Amino acid sequence: MAMEETESRVEVYVTTDTSQAPHKAGEPKLYVMYDAAKPEAGKLYFTEAEWDAFVLGVKDGEFDLDEDGNLPLLPAGE
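According to full-length UniProt numbering, the sequence shown is numbered sequentially starting from 1.
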């Protein structure tokens, strides 16, 4: 099933206020990602290590879509 095209605007900011993500309260800073076109959809909170891993995955093509707009199937075992 192809992803529907919808208007979104992904934004990221860094914060030292962990009050909105108490499960990550011990972290010195958090990377916060959200869709500014749909702020009611919530936010994703990443530690610095999680953010670094995410960025490396993007650079490595882990999140690239196929020609139909779908995520490719993962090889068995992943």
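All C-beta atoms, glycine included, are put in the ideal place defined by N, C-alpha and C. Computed from a predicted model, the values in this text were never measured in an experiment.
Item                                                                                                                                                         : Value
Kindly indicate the opening and closing residues of the beta strand (DSSP E) around L56.                                                                     : Not the beta strand (DSSP E): L56 falls in the alpha helix (DSSP H), residues E48 to K59.
Leaving out five residues before and five after K24 in sequence, what residues of the same chain have Cβ atoms less than 8 Å from its Cβ?                    : T18, L30, Y45 and T47
Does the beta-carbon distance from residue 114 to A41 come in below 8 Å?                                                                                     : The requested residue 114 does not occur in the structure, where the chain is confined to residues 1 to 78.
Applying the criterion that 16 or more other CB atoms from any shown protein chain within 10 Å of the CB defines a buried residue, is Y13 buried or exposed? : exposed
Identify the continuous beta strand (DSSP E) that holds L30 and give its terminal residues.                                                                  : L30 to D35
Can you tell me which of the three DSSP states E40 falls into?                                                                                               : helix
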